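> In terms of UniProt numbering, the sequence shown opens at residue 1 and continues consecutively. Glycine included, each C-beta is placed from N, C-alpha and C at the ideal position. All values reported here derive from a predicted model rather than from experimental measurement.
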Amino acid sequence: MKVLGIDTSCDDTAVAIYDSNEKKVLSNVVSSQYEAHRAYGGVVPEIAAREHLKNIDVIFREALEKANVDVSDIDLVAVTYTPGLLPALLVGLTFGKGVAFAGYIPFKGVHHIEAHMFSPFIKREPEFPFISLVVSGGHTMISVVRSLGNYKLLGKTLDDAIGEAFDKVAKMLDFGYPGGPAIDRIFRNYKENYLVLPKPQARGVNMSFSGLKTAVRRLIEDGYPKEMIAASFQKTAIDYVVGKLRKAVRETGIRRISVSGGVSANSYLRERLQELEDTERVKVFLPEIEFTSDNGAMVAYVGYLRFEKAERIGDPFTLNAYPSLPITGV
Ligand code: ATP
Ligand code: FE
C-alpha cells in the first residue's frame, strides 16, 4: 500500500510517501518556516497557516516526484488532525481531504503524538509492550504501550515540555530558534566543568522543567559564561529525563523503550540511552534523525496502522481538526 502522509500541525509543512509492503519511506519532504516567524520571537498560528497554504502544493508535488509516484498510485491519505495550531492543522487536513476526495482514496486522521510514539518503528514492526517516552516541543510523557491504541500514562511534565525548555533557554542565551539543536551543538564542543543546577521536584515518573528555566535566568544574571550555562542545562535536563525513564523500567519491568519527538535527536540523550541499554539490559528504539522532528512519514505510517486496525475503513470527510485531544481518546 502506498500512503501519503501530511503534517501541518506547527511550523513545518511535511509531506511523505510511505510504502507499507516494502516498509520503506519513498520520500520525506519538510519545509520549515523559521524565517517567517523570526521577527515575532515565536510561532504565530495565522502566519503558520498562510505559509502552509503557500507551500503545501509544491511540497506535495516534490514528495510525489521524489518517490516516483503518481497521485493515482496512492492507496491511503493520512493527515494529522490533532493536536496542534488550529489554523495550521486545517490547511493540511483540508488539502489531504481534497486529494482523497478527488481520487476516491480512503482517508485517515492521525493523532500527531501517536505518530511520534511509533516513529521508531517506521521501517520495522513495533514490538509490544514497550515504554514510550515522547520528548517534543509540546509534550513530555512516559506511557506504557501494550498495542496500537492501548496506552497507559505513567507520568508527564507538570509545566513546560522539555523541547519548549530548550527553546526558551536558547532564547534567553540568544542562541536563536529552534533552541534544541543550538544548545546540543554547544554541548558537544564544551569541554569544561558543569554547573550544578537544582534538580526539579516532581513525584514518581512525572516531570517538571520550569524550575530549570528560572535557574538558567539566575545564572545569566550572575554572569556565568553562556556556553557553560547551556551545556549544564542540557546535562541536567537529559539526566533528569533518563532518571525518570529508569524509574519507569523498574516500576513496570518492561524492557523495551521507544524514545521519540524532536528532543530524541539530542546527542547526549542518545549517549545516555546507549548506557541504559548496557546497564539495565533494556532495548531502546529510536527514530532515525530525519523522523525525530515533525515529518509526514510517521503520519503515513500510523495512518496505515490505524487503517489496517479499522479493517480498511477510512474516516469520514466530516472529521475536524482539534487543537488538543487526549491520546487515549483516539
Ligand atoms: P509536539 O510534537 O509536542 O506537538 P512539536 O511538533 O513542535 O511539538 P517536535 O517537532 O517533535 O515538536 O520537536 C521540536 C522540538 O525539538 C523543539 O523544541 C526543538 O528545540 C527540539 N529539538 C530538536 N533537536 C534537538 C536536539 N538535538 N536537542 C534538544 N532538542 C532538540
Ligand atoms: Fe511534533
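1) Within 10 angstroms of the Cβ of Arg-306, are there 16 or more other Cβ atoms? Answer buried if so, exposed if not.
2) Report yes or no: do the segment 218 to 236 and the segment 305 to 319 share at least 3 C-beta pairs separated by less than 8 Å?
3) My guess is that Ala-230 and Ile-142 are in contact by the Cβ rule of under 8 Å, so how many angstroms apart are they, rounded?
4) Could you give the residue range of the alpha helix (DSSP H) that holds Arg-256?
5) Would residue 331 pass as a contact of Leu-93 if the rule is Cβ separation under 9 Å?
6) Just to confirm, are Phe-317 and Ala-100 a CB contact at a threshold of 9 Å?
7) If I'm right that Arg-188 touches Ser-267 with Cβ under 8 Å, what's the distance once you round it to whole angstroms?
8) How far does the beta strand (DSSP E) with Phe-285 in it extend, from its first residue to its last?
9) Around ligand 2, which residues pass a check of Cβ closer than 5 Å to any of its heavy atoms?
10) Go through its chain and collect everything with a Cβ distance to Gly-204's Cβ below 7 Å, but skip five positions before and after it.
11) Can you name the start and end residues of the alpha helix (DSSP H) that Gly-96 belongs to?
12) Tell me the rounded alpha-carbon separation between Pro-181 and Glu-51.
13) Does the distance from the C-beta atom of Ser-260 to that of Pro-126 stay below 9 Å?
14) Using 8 Å as the cut-off, can you tell me whether the segment 111 to 119 makes contact with the segment 130 to 144, which would need three or more C-beta pairs spanning the two stretches below that distance?
15) Whole-angstrom Cβ separation of Tyr-177 and Tyr-34, contact assumed at under 8 Å?
16) For Gln-234, count neighbouring C-beta atoms within 10 Å of its own C-beta (all shown protein chains included) and say buried if the count is 16 or more, exposed if not.
17) Hey, does Arg-218 have any beta-carbon neighbour from chain D nearer than 9 Å?
18) May I ask you to list the residues that DSSP assigns as paired with Ser-9?
19) Using the DSSP secondary-structure output, state which residues sit across from Tyr-151 in a beta bridge.
20) Suppose you measure from the CA of Val-298 to the CA of Ala-310; what does that come to, to the nearest Å?
21) Alpha carbon to alpha carbon, how far is Val-15 from Asp-278?
22) Less than 9 Å separating the beta-carbons of Ile-17 and Ser-27?
23) Hey, could you find the ends of the beta strand (DSSP E) Tyr-194 is sitting in?
24) Would you say the beta carbon of Ile-254 is closer than 8 Å to some non-hydrogen atom of ligand 1?
25) May I ask you to list the residues that DSSP assigns as paired with Asn-28?
26) Taking only heavy atoms of ligand 4 into account, decide whether any of them is closer than 8 Å to the Cβ of Asn-189.
27) Per DSSP, which residues does Gly-109 bridge with? Please list them.
28) Using only the alpha-carbon positions, how far apart do Gln-274 and Tyr-104 sit?
Working from what's here:
1) Reading the sequence shown from its first residue, position 306 is the one you call residue 306. Under this definition Arg-306 is a buried residue.
2) no
3) Walking along the sequence shown from the start, residue 230 turns up at place 230. Walking along the sequence shown from the start, residue 142 turns up at place 142. Not quite, the Cβ-Cβ distance comes to about 25 Å (not below 8 Å), so this is no contact.
4) Translated into positions along the sequence shown, residue 256 becomes position 256. That residue, Arg-256, is in no alpha helix (DSSP H); its beta strand (DSSP E) goes 256 to 260.
5) Beyond the ends of the chain as shown, which are 1 and 330, falls residue 331; an answer cannot be given.
6) Position 317 of the sequence shown, counted from the start, is the residue given in the question as residue 317. Position 100 of the sequence shown, counted from the start, is the residue given in the question as residue 100. Yes, the pair counts as a contact, with Cβ atoms nearer than the cut-off.
7) Counting from 1 along the sequence shown, the entry for residue 188 is found at position 188. Counting from 1 along the sequence shown, the entry for residue 267 is found at position 267. So it is a contact: roughly 6 Å between Cβ atoms.
8) The residue given as residue 285 occupies position 285 in the sequence shown. Residues 283 to 285.
9) Ser-136, Asp-294
10) Counting from 1 along the sequence shown, the entry for residue 204 is found at position 204. Closer than 7 Å at Cβ, skipping near neighbours: Gly-155.
11) Stepping through the sequence shown from its first residue, residue 96 is reached at position 96. From DSSP, the alpha helix (DSSP H) with Gly-96 extends over 86 to 103.
12) Locating residue 181 in the sequence shown gives position 181, where the first residue counts as 1. Locating residue 51 in the sequence shown gives position 51, where the first residue counts as 1. Their Cα atoms are separated by approximately 23 Å.
13) Taking the sequence shown and counting its residues from 1, the one referred to as residue 260 is at position 260. Taking the sequence shown and counting its residues from 1, the one referred to as residue 126 is at position 126. No, these two residues do not count as a Cβ contact at 9 Å.
14) yes
15) What you label residue 177 is simply residue 177 of the sequence shown in a count that begins at 1. What you label residue 34 is simply residue 34 of the sequence shown in a count that begins at 1. The Cβ separation is near 6 Å, so the contact holds.
16) Along the sequence shown, one-based indexing puts residue 234 at 234. Gln-234 comes out buried.
17) Note that chain D does not occur in the displayed structure, where there is just one protein chain.
18) Within the sequence shown, the letter at position 9 stands for residue 9. None; Ser-9 has no bridge partner.
19) Against the sequence shown, residue 151 aligns to sequence position 151. For Tyr-151, which the question treats as bridged, DSSP gives the partners Val-145.
20) Taking the first residue of the sequence shown as 1, we reach residue 298 at position 298. Taking the first residue of the sequence shown as 1, we reach residue 310 at position 310. In the sequence on display, residue 298 carries Met and not Val. Met-298 and Ala-310: Cα-Cα distance of roughly 18 Å.
21) As a working mapping, residue 15 is identified with position 15 in the sequence shown. As a working mapping, residue 278 is identified with position 278 in the sequence shown. Between Val-15 and Asp-278, the C-alpha separation is close to 36 Å.
22) The residue labelled residue 17 in the question sits at position 17 within the sequence shown. The residue labelled residue 27 in the question sits at position 27 within the sequence shown. Against a cut-off of 9 Å, the Cβ pair of Ser-27 and Ile-17 comes out as a contact.
23) Taking the sequence shown and counting its residues from 1, one reaches residue 194 at position 194. Counting along the chain, Tyr-194 falls outside any beta strand (DSSP E), and DSSP gives it neither H nor E.
24) Position 254 of the sequence shown, counting from 1, holds the residue named residue 254. It does not: the Cβ of Ile-254 is nowhere closer than 8 Å to a heavy atom of ligand 1.
25) Position 28 of the sequence shown holds residue 28. Note: Asn-28 sits in a beta bridge opposite Ala-16.
26) This structure lacks ligand 4; the ligands present are ligand 1 and ligand 2.
27) The residue labelled residue 109 in the question sits at position 109 within the sequence shown. For Gly-109, which the question treats as bridged, DSSP gives the partners Val-79.
28) Stepping through the sequence shown from its first residue, residue 274 is reached at position 274. Stepping through the sequence shown from its first residue, residue 104 is reached at position 104. The straight-line gap from Cα to Cα measures roughly 46 Å.
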